[in-house]
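Following: one structure in structure tokens, then a few remarks.
Residue numbers (my numbering): 2 to 603.
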């Protein structure tokens, strides 16, 4: 505290000082070592806090860097914040007050902030001079602890060996010194064998480090000592989730819920575990129970909403207009209805009408074709990680025929899915000229799509296409592979940057039969960015754009456009626009795409 020491004839000064406006704060640690203090500040920021560092002196004249969170007008508010801090981090805290003007003067904004100097803040009376020479002046009217900015007992409590070592271990984990952190946790457990919070945190660190066998060994011992320990059971459920043993994990959570009915932590774990384990029905039930118990849990609400949107009957309408520089206009009205047929099987019915029009010009033939497509697609979850796909369809317009599809989605690990699909006899719509020659194609497609630590994304795709024209005449074969690396930069707004490399080659089956030209070689590097911002639960704004460089062309091209989505209960409305300076077809030229969307969840 910053209070001038009180001599016998000077007690009015103390009364005035105590009347100054005071700020209550939650002190969470104090340090002499500069680097450790700022590392701890970084650690708290990574946990979502907005800490403040204050330079204060103790009664021995030592300077301490005191880390605290929150500025509160009352002690009651600060106590509530302290309890929440301890619940989240497991660290101790102190609630203390100080004058607002002292807080403003002593706050350190960065490592380079100037430090205060220790100096006397009182004028001793003559009779106190001898006392000053030998040490402290004679104090009257208040205890010693009032005369120092930082009480020594506060320092000792805030910098106890357990808490300092826990903080040091967390900082080591954060900086990547996993082995050193694990050794420090092991030493702490030997010193504090009965500290359940420390035991739980140590097992959690082992799990985070992938040391599953060591974590399981510690859990076994814990559960032998206390078979009904909620902490140990929750950790076991988490371990089973990460090792893919969903059956045991859900049984553990069910047992924990029998011991403690309505325990929201266990309900939450069960909900997310069921979702990751592929049991969408149990996930919906658990998320619903969690939302009933915690109406303000927005993450649970969003997860439940996403599951309901994904699994309930849904109708989507997707109109679009695509304009190309050769005056080709392709309009499409697509519709898709999907619903859960059984717990494991989902059905989708797709219908689209596409009209391709281009007026006749110098050396350019007229195009005026309608293509109608209809298809039924079935997806069945054969295991928790493997989904089989089969489809059958028909089309007419440019030509008439039967289409087919067969493939699978295989979640080979939690952030990544490998997919394979064979499509047979689809109408060729991305090349307008093919419409006049009954163009169609069949293809094999292999895809990997993964997103790691909610930061890095990797997309790999390879395709082999066989094109046919009139009367089943093979026109050519096209090979494609595409690599996209994505990095999340911000979470609010969602900002992503990407680099992609696209390579394709086309080989004609008959060099003497070329009714129209197809690009036979592309090698394209693309740098792009996209941003999405939710203005509220209803309005979502997006924009994307980038630049492309084709190694076979002289100049780069660019693309971009905005998008708006409205979420109105069970109704989704969207509209987006994209401009490209190069169509990617043999004739080149700019393109414009306007696309809408209407989604209804029943």
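Note that the Cβ used here is the ideal one computed from N, Cα and C, for glycine as well.
Reference residue i; option with closest CA among the options
i, options, result
"residue 444", "72, 456 and 465", "465"
"residue 449", "462, 501, 441 and 438", "462"
"residue 552", "209, 201 and 505", "505"
"residue 554", "566, 293 and 588", "588"
"residue 472", "400, 32 and 407", "400"
"residue 150", "188, 61, 272 and 219", "61"
"residue 456", "578, 488, 483 and 417", "488"
"residue 230", "213, 376, 25 and 254", "254"
"residue 477", "453, 518, 458 and 496", "518"
"residue 499", "512, 522, 460 and 515", "460"
"residue 301", "289, 73 and 48", "289"
"residue 392", "542, 407 and 68", "407"
"residue 364", "102, 516, 262 and 372", "516"
"residue 417", "386, 429 and 426", "386"
"residue 475", "501, 513 and 458", "513"
"residue 215", "226, 200 and 101", "200"
"residue 535", "502, 381, 492 and 479", "492"
"residue 354", "303, 335, 368 and 304", "335"
"residue 198", "362, 233 and 227", "233"
Exposed unless 16 or more other CB atoms sit within 10 angstroms - verdict on residue i
i, result
"residue 396", "buried"
"residue 468", "buried"
"residue 538", "exposed"
"residue 583", "buried"
"residue 112", "exposed"
"residue 507", "buried"
"residue 322", "exposed"
"residue 1", "Because the chain is modelled from 2 through 603, residue 1 falls outside the range shown and cannot be assessed."
"residue 558", "buried"
"residue 131", "Any answer about residue 131 is weak, because its pLDDT of 38 lies below 50 and its placement is not dependable; what the coordinates show is given next. Exposed, because fewer than 16 other Cβ atoms sit within 10 Å of the Cβ of residue 131."
"residue 63", "exposed"
"residue 55", "buried"
"residue 603", "exposed"
Residue i versus residue j: straight-line alpha-carbon distance, rounded
i, j, result
"residue 405", "residue 390", "11 Å"
"residue 422", "residue 315", "24 Å"
"residue 533", "residue 586", "30 Å"
"residue 76", "residue 494", "35 Å"
"residue 351", "residue 374", "8 Å"
"residue 135", "residue 119", "Because residue 135 sits at a pLDDT of 41, beneath the cut-off of 50, its placement in the model cannot be relied upon, and the following sentence gives the value as read from the coordinates. Roughly 18 Å separates the two Cα atoms."
"residue 279", "residue 89", "29 Å"
"residue 560", "residue 527", "10 Å"
"residue 1", "residue 203", "Any question about residue 1 goes unanswered here, given that the chain covers just 2 to 603."
"residue 357", "residue 484", "31 Å"
"residue 287", "residue 259", "15 Å"
"residue 264", "residue 376", "46 Å"
"residue 384", "residue 245", "13 Å"
"residue 212", "residue 237", "14 Å"
"residue 181", "residue 191", "16 Å"
"residue 97", "residue 28", "7 Å"
"residue 597", "residue 311", "20 Å"
"residue 544", "residue 580", "12 Å"
"residue 235", "residue 38", "33 Å"
"residue 35", "residue 114", "12 Å"
"residue 269", "residue 284", "9 Å"
"residue 371", "residue 292", "49 Å"
"residue 164", "residue 83", "15 Å"
"residue 6", "residue 94", "Confidence at residue 6 is low in this model, with a pLDDT of 37, below 50, so its placement is unreliable and no value can be given for it."
"residue 161", "residue 155", "10 Å"
"residue 185", "residue 206", "11 Å"
"residue 248", "residue 271", "11 Å"
"residue 342", "residue 52", "52 Å"
"residue 276", "residue 282", "9 Å"
"residue 599", "residue 72", "47 Å"
"residue 439", "residue 578", "30 Å"
"residue 101", "residue 223", "47 Å"
Presumed contact (8 Å Cβ cut-off) between residue i and residue j, rounded CB distance
i, j, result
"residue 576", "residue 550", "The Cβ separation is near 30 Å, so there is no contact."
"residue 572", "residue 548", "Not really, about 36 Å apart at Cβ, beyond 8 Å."
"residue 309", "residue 346", "Residue 309 to residue 346, Cβ: 18 Å. No contact."
"residue 360", "residue 328", "6 Å"
"residue 22", "residue 57", "That pair is no contact at about 18 Å."
"residue 168", "residue 30", "7 Å"
"residue 274", "residue 242", "5 Å"
"residue 591", "residue 326", "5 Å"
"residue 410", "residue 388", "4 Å"
| message | Please give me, in chain order, every unbroken run of the beta strand (DSSP E) with length at least 3 that falls completely inside the region 328–413. | response | 330–341, 346–359, 368–382 and 387–397
| task | Identify every run of the beta strand (DSSP E) within the region 470–517, keeping only runs that are complete inside it and at least 3 residues long; order them along the chain. | result | 474–492 and 495–509
| At which residue ranges does the region 37–79 contain complete beta strand (DSSP E) runs of 3 or more residues, listed in the order of the chain? | 52–58 and 64–73
| task | May I have a chain-ordered list of the beta strand (DSSP E) segments no shorter than 3 residues that lie completely inside the region 262–296? | result | none
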